[in-house]
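*Asks:* Have a look at this one before I ask anything.
If you want it as structure tokens, here you go:
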């Protein structure tokens, strides 16, 4: 392009993009009692795309709200989870509940703590089925981005395995029927 | 330490006894010879067969003989005559197992002229002579021993009290430091969030700026890129400002409270703004407990006092409400109200929690009184409050409570305590 002092503009098709996003994006749930955390996460990841799909954010301000949203949206891919909310361990409790009560083993849980002393990394990562541990005070945009990509990639892999498992199950079940048919004279 | 002290004799049997007895018909001359031959012998027991007829001490006998014509009068006669003349024919006999103390008492109760005469001790059917001064010495060594023991006990008691006091002081100090530690932890958590948000926003802004600069120098820039970037810069800057300001506020209030708490400096301050700083540093603790804290203060209360002490008092009272008033499933408000009454300031800390039973109410300020010993209560929180209010702030504190309705602590202290 020519080096004009003036700008070049391609004003087309931009209005369509956000609609696409909400239609088929990766659902990301932010659980944190700090509004600022919601704001900055959404801002940093606002034009994030993975495999051509954007993110769709869900916001919960307490462990309890987070639980409700996860019940409604079992297809959430990634949860950013704060530790200290309505109780000292609200986040860890929710992490356990997601796996044990909601039996959701697919969603990737990224623990984000402002108080590492409250939930020491070593203990938490061993005792709870979480997938990543970040301290709020070290989370640069780059780290947030990398954490997001890693989480989505493994989520996708898990979902691929899950769907092959399902089709395999179906194949086996179908094979049984075929066998039965073949056996019956 | 008492082992080296010899145990003093407690019974008459343990004392020095003389086993010299003579028949009452013995001539007095033979008794004089006996005394002359045994200069140690203090006296003799005078017997009438198996019966004690009296006692004759060397001193009394010589006293009798030194009277005019006495030698001629008595020496040739049986000793019984001398004994009668001396009035010592009423024998004073005590059992060998009589305690020294009661023996002294009865020995001293004798008629004055006989008080110093020996007493007779009966031991297994035999009669012995016991000098009164020996008896008195035994008594005095018992008393001395008892006195020593009392002194030793008193010393031990004093030492124990001193040690307990030191232990208490140390505990109080530890409790103070623990309160400071909690404050630090609370604020550290509180500050991590704004710092973290600011870091994320700043790094995001810098990445995007770099990308934008590249795009700009490549010349392939669109209008939408520019608006997008401008929007992002604006959002980032807002987030940065908000969060950095918040971090700064937290540091400010924490610094003040921590410094005041650690030192015991006196200074002039506006109570209202001090209380709101304090509330910022206590907020995390309160919020974590699921309760809410509401502080209200009359405007322009200028205080010249010890802010650290005041902070400690309020944070202990609030902590107390969290732990005691709202334990279990209770949650509620903690209301702090400060008003000025003439030259005093009155600060009330109220809750609507479970209240304090009347039998505990009188003891809440006692050191080590706690209903939560098992779960880590030291019983010092309110004691510290009491000490600080009465000693440092020169004020007073009272507590009223109704079970099931709530508790109110009222601190009244001068605006400017005297030095």
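Residue numbers (the working numbering), protein chains in the order written: chain L, 1 to 185; chain G, 1 to 419. Every residue, glycine too, gets a C-beta built ideally from N, C-alpha and C. Fair warning: this is a prediction, and the values are worked out from it, not measured in the lab.
#1: Residue 39 of chain L versus chain G: which residues are under 7 Å apart at the beta carbon?
#2: When burial is assigned at 16 or more other CB atoms within 10 Å of the CB, is residue 154 of chain G buried or exposed?
#3: In chain order, what residues of the same chain have a beta carbon less than 7 Å from the beta carbon of residue 75 of chain L, not counting five sequence neighbours either side?
#4: For residue 52 of chain G and residue 130 of chain G, I'd like the C-alpha separation in whole angstroms.
#5: So, under 8 Å CB-CB, residue 348 of chain G and residue 392 of chain G are touching, yes? Tell me the CB distance rounded to an integer number of Å.
#6: Going by beta carbon distance, what residues of the same chain come within less than 7 Å of residue 21 of chain L, once the five residues before and after it are set aside?
#7: Please tell me whether residue 30 of chain L and residue 80 of chain L are closer than 7 Å, where the distance is taken between their beta carbons.
#8: Verify the CB distance criterion: does residue 164 of chain L have a CB-CB separation below 7 Å to chain G?
#9: State the CB to CB distance for the pair residue 108 of chain L and residue 78 of chain L, rounded to an integer number of angstroms; the pair is presumed to be in contact (CB under 8 Å).
#10: Are any of the Cβ atoms in chain G nearer than 7 Å to that of residue 124 of chain L?
#11: So what does DSSP say about residue 22 of chain L, is it helix, strand or coil?
#12: Given that a residue counts as buried once 16 or more other Cβ atoms are within 10 Å of its Cβ, and exposed if not, what is residue 176 of chain L?
#13: Considering only residues of the stretch 354-412 of chain G, which uninterrupted beta strand (DSSP E) runs meet the minimum length of 3 residues and lie entirely inside it, listed in chain order?
#14: Can you list the residues of chain G that residue 142 of chain L reaches, using a CB-CB cut of under 8 Å?
#15: Counting only Cβ pairs nearer than 8 Å, list the residues of chain L close to residue 358 of chain G.
#16: Find the nearest neighbour of residue 229 of chain G within the set G/219, G/220, G/205, judged by alpha-carbon distance.
#17: With the cut-off set at 7 Å, would you say residue 355 of chain G and residue 407 of chain G are in Cβ contact?
#18: For residue 88 of chain L, would you say it is in contact with chain G, using Cβ-to-Cβ distances shorter than 7 Å as the test?
#19: Is residue 22 of chain L close to chain G, meaning its C-beta is less than 7 Å from at least one C-beta of that chain?
#20: DSSP three-state label for residue 2 of chain L, please.
#21: Identify every residue that forms a DSSP beta bridge with residue 267 of chain G.
#22: Could you check whether the Cβ of residue 420 of chain G sits closer than 7 Å to any Cβ belonging to chain L?
#23: Could you tell me the alpha carbon to alpha carbon distance between residue 418 of chain G and residue 394 of chain G, rounded to whole angstroms?
#24: Could you tell me which chain L residues have their CB closer than 8 Å to the CB of residue 199 of chain G, listed as they occur along the chain?
#25: Taking the continuous alpha helix (DSSP H) assigned at residue 161 of chain L, which residues delimit it?
#26: Mind checking who residue 47 of chain G pairs with in its DSSP beta bridge?
#27: Curious, which full-length alpha helix (DSSP H) runs of at least 4 residues does the stretch 52-133 of chain L contain?
#28: So, do the stretch 104-118 of chain G and the stretch 19-36 of chain G have three or more beta carbon pairs nearer to each other than 8 Å?
#29: Just to confirm the assignment: which complete beta strand (DSSP E) runs, minimum length 3, are found wholly within the stretch 80-128 of chain G?
#30: CB residue 96 of chain G to CB residue 13 of chain G, shorter than 7 Å?
#31: Is it the case that the stretch 164-180 of chain L contacts the stretch 115-126 of chain G, given that we only count it when at least three CB pairs across the two stretches are under 8 Å?
#32: Do the stretch 90-109 of chain L and the stretch 120-131 of chain L meet, that is, are 3 or more Cβ pairs less than 8 Å apart?
#33: Any Cβ of chain L within less than 7 Å of the Cβ of residue 327 of chain G?
#34: To which residues does DSSP link residue 349 of chain G through a beta bridge?
#35: Would residue 193 of chain G count as contacting chain L if we go by Cβ distances under 7 Å?
#36: Let's test the definition: count the other Cβ atoms within 10 Å of the Cβ of residue 281 of chain G and tell me whether it reaches 16, buried, or not, exposed.
*Replies:* So, from the listed chains and residues:
#1: Translated into positions along the first chain, residue 39 of chain L becomes position 39. Under the 7 Å cutoff, chain G gives 239.
#2: What you label residue 154 of chain G is simply residue 154 of the second chain in a count that begins at 1. Exposed, since its Cβ has fewer than 16 Cβ neighbours within 10 Å.
#3: Here residue 75 of chain L is taken as the residue at index 75 of the first chain, counted from 1. 27, listed in sequence order.
#4: In the second chain, counting from the first residue as 1, residue 52 of chain G sits at position 52. In the second chain, counting from the first residue as 1, residue 130 of chain G sits at position 130. Their Cα atoms are separated by approximately 14 Å.
#5: Stepping through the second chain from its first residue, residue 348 of chain G is reached at position 348. Stepping through the second chain from its first residue, residue 392 of chain G is reached at position 392. Not really, about 19 Å apart at Cβ, beyond 8 Å.
#6: Stepping through the first chain from its first residue, residue 21 of chain L is reached at position 21. Interpretation of residue 21 of chain L is limited by its pLDDT of 39, a score under 50 that renders its predicted location unreliable; the figure taken from the coordinates is listed afterwards. Same-chain partners within the cutoff: 54, 56.
#7: To locate residue 30 of chain L, count along the first chain from 1; it is residue 30. To locate residue 80 of chain L, count along the first chain from 1; it is residue 80. Yes, Cβ-Cβ distance for residue 30 of chain L and residue 80 of chain L is below 7 Å.
#8: Your numbering for residue 164 of chain L matches position 164 in the first chain. No - not a single Cβ of chain G is within 7 Å of the one on residue 164 of chain L.
#9: Within the first chain, the letter at position 108 stands for residue 108 of chain L. Within the first chain, the letter at position 78 stands for residue 78 of chain L. Confirmed, Cβ separation roughly 5 Å.
#10: As a working note, residue 124 of chain L is residue 124 in the first chain. Not one chain G Cβ lies under 7 Å of residue 124 of chain L.
#11: Looking up residue 22 of chain L in the first chain gives position 22. Note that residue 22 of chain L scores 43 on pLDDT, short of 50, meaning its location in the model is unreliable and no value can be drawn from it.
#12: By 1-based counting over the first chain, the position of residue 176 of chain L is 176. By the neighbour-count rule (16 or more Cβ atoms within 10 Å), residue 176 of chain L is not buried but exposed.
#13: 396-402
#14: Mapped onto the first chain, residue 142 of chain L falls at position 142. Chain G residues near residue 142 of chain L: 203, 207.
#15: Counted from its first residue, the second chain places residue 358 of chain G at position 358. The premise fails here: residue 358 of chain G is roughly 33 Å from chain L at the closest Cβ pair, so nothing lies under 8 Å.
#16: Along the second chain, read from residue 1 onward, the residue named residue 229 of chain G stands at position 229. Residue 229 of chain G has its Cα closest to that of G/205, out of G/219, G/220, G/205.
#17: Working through the second chain from its first residue, we reach residue 355 of chain G at position 355. Working through the second chain from its first residue, we reach residue 407 of chain G at position 407. Yes, the pair counts as a contact, with Cβ atoms nearer than the cut-off.
#18: Counted from its first residue, the first chain places residue 88 of chain L at position 88. Yes, because at least one Cβ of chain G sits closer than 7 Å to the Cβ of residue 88 of chain L.
#19: Your numbering for residue 22 of chain L matches position 22 in the first chain. Note that residue 22 of chain L has pLDDT 43, beneath the 50 cutoff, so the model's placement of it is unreliable and the number below is only indicative. Answer no: the Cβ-Cβ gap between residue 22 of chain L and chain G never drops below 7 Å.
#20: Against the first chain, residue 2 of chain L aligns to sequence position 2. Note that residue 2 of chain L scores 47 on pLDDT, short of 50, meaning its location in the model is unreliable and no value can be drawn from it.
#21: Position 267 of the second chain, counted from the first residue, corresponds to residue 267 of chain G. Paired residue(s): G/305.
#22: With chain G running from 1 to 419 in the structure shown, residue 420 of chain G is simply not present.
#23: Reading the second chain from its first residue, position 418 is the one you call residue 418 of chain G. Reading the second chain from its first residue, position 394 is the one you call residue 394 of chain G. Straight-line Cα distance between these residues: approximately 8 Å.
#24: Translated into the one-based positions of the second chain, residue 199 of chain G becomes position 199. What residue 199 of chain G touches in chain L: 137, 138, 139, 140.
#25: Counted from its first residue, the first chain places residue 161 of chain L at position 161. Run containing residue 161 of chain L: 141-183, per the alpha helix (DSSP H) assignment.
#26: Here residue 47 of chain G corresponds to residue number 47 of the second chain, with the count starting at 1. Per DSSP, G/23, G/52.
#27: 63-72, 90-100, 121-127
#28: no
#29: 93-95, 119-123
#30: The count along the second chain starts at 1 and reaches residue 96 of chain G at position 96. The count along the second chain starts at 1 and reaches residue 13 of chain G at position 13. Going by C-beta atoms, residue 96 of chain G is nearer than 7 Å to residue 13 of chain G.
#31: no
#32: yes
#33: For the purposes of this step, residue 327 of chain G is taken as the residue at position 327 of the second chain. It does not; no Cβ of chain L falls within 7 Å.
#34: Counting from 1 along the second chain, the entry for residue 349 of chain G is found at position 349. Paired residues: G/336, G/409.
#35: As a position in the second chain, residue 193 of chain G is number 193, starting the count at 1. Judged by the 7 Å Cβ criterion, residue 193 of chain G is in contact with chain L.
#36: Position 281 of the second chain, counting from 1, holds the residue named residue 281 of chain G. Buried, since its Cβ has 16 or more Cβ neighbours within 10 Å.
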